[in-house]
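Reading through the structure tokens given below for one structure.
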Amino acid sequence: MQEITITIGDGKVDVDLEGFQGKGCHAIQEGFASAFAGKQTHVTRKREFNAPSIEKKKLNQ
Amino acid sequence: MSEYAQYEGEYNDRECLVNALVEQGYAKEHIEVHETPQQLIDFQGHATHYLDPTGDKAEIIVRRRNVGGAANDLGFKKQENGKFAPIISRYDTGKHNAKWLTGLKDKYHEQVATKQARRMGLKLKSRTVVNGKVVVKYLKA
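Here the protein sequences come in this chain order: A and B.
If you count by the numbering used here, then the first sequence holds residues 58 to 118, one letter each, in order.
If you count by the numbering used here, then the second sequence holds residues 420 to 560, one letter each, in order.
Below, the structure is given as structure tokens:
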């Protein structure tokens, strides 16, 4: 089971796909972005699984 | 005082907009939904021509008798981009103020989220209110 969190308030929306992975992620992201279709909408995928975090980069330096 | 003002269109799903209006306090049977835009009426019963010289029109209308007091019709007009834009008389901005419009937008967003989640086969895990914001969690198998 993978989790999607949607936060709604102050006229804005945040769709959080953190922890979501696989080819279904893009479809979910596109689906919500298309459904909301507004500049007040913010779709995030906070964790990039193939990219090292900034903190990791600093540690390696 | 009853001059109309049109706001930015942000609603592209008619069904979700109507449901959001219901959640904002208007009875569903008091919300007119038309395929073609219909004339808006002011508090004196006159057709208005503030935004359009041929008459101010909208596809979604709450008639003045259901808005309350000496109100004018509340309308939502479909724009060329497919989005519905609210048409609110300046007289009624006390009721339909920025706070009300933000509340309508939030209700609309929740309706859209629910509809989209159902469309994608997501399962509702929880719905909570945190610091005044609605937090909805869905699961995908």
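Cβ coordinates follow ideal geometry from the N, Cα and C atoms, glycine included.
Contact check, residue i vs residue j, beta carbons under 8 angstroms
i         : j         : result
Glu478(B) : Val452(B) : yes
Leu436(B) : Tyr430(B) : yes
Ala466(B) : Gln457(B) : no
Asn485(B) : Asp511(B) : no
Ile450(B) : Val481(B) : yes
Val555(B) : Ala532(B) : yes
Arg509(B) : Ala424(B) : yes
Gly68(A)  : Met539(B) : no
Contact set between residue i and chain A, taken where Cβ atoms lie within less than 9 angstroms
i         : result
Ala532(B) : Ile63, Ile65, Val70, Val72, Phe89, Ala92 and Phe93
Lys496(B) : None at all; the shortest Cβ gap to chain A is about 17 angstroms.
Chain B contact residues for residue i, given Cβ-Cβ distances below 9 angstroms
i        : result
Glu75(A) : Within 9 angstroms Cβ-Cβ: nothing; Glu75(A) doesn't reach chain B, min ~12 angstroms.
Gln59(A) : Leu558, Lys559 and Ala560
Three-way DSSP call (helix, strand, coil) for residue i in this model
i         : result
Phe495(B) : strand
Leu558(B) : strand
Gln97(A)  : Confidence at Gln97(A) is low in this model, with a pLDDT of 47, below 50, so the placement of that residue should be treated as unreliable; the coordinate-derived value is given next. DSSP places Gln97(A) in coil when its eight states are reduced to three.
Phe462(B) : coil
Glu478(B) : strand
Leu541(B) : coil
Lys552(B) : strand
Gly488(B) : coil
Asp67(A)  : coil
Gln443(B) : coil
Asp525(B) : helix
Tyr423(B) : strand
Asp511(B) : helix
Where residue i meets chain A, residues with beta-carbon distance less than 7 angstroms
i         : result
Leu541(B) : Ile61
Asn431(B) : Ala94
Gly551(B) : Gly66
Gln463(B) : What Gln463(B) touches in chain A: nothing, since even the nearest Cβ is about 33 angstroms away.
Per-residue contacts from residue i into chain A (C-beta, under 8 angstroms)
i         : result
Lys544(B) : Glu60
Contact set between the region 510-530 of chain B and chain A, restricted to residues whose Cβ is under 7 angstroms from the partner: Hits within the stretch, in order: Thr521, Lys524, Asp525, His528 and Glu529.
Touch test, the region 516-532 of chain B against the region 60-68 of chain A, Cβ-Cβ under 8 angstroms, three pairs minimum: yes
Residues from the region 436-450 of chain B in contact with chain A, defined by Cβ distance under 7 angstroms: none
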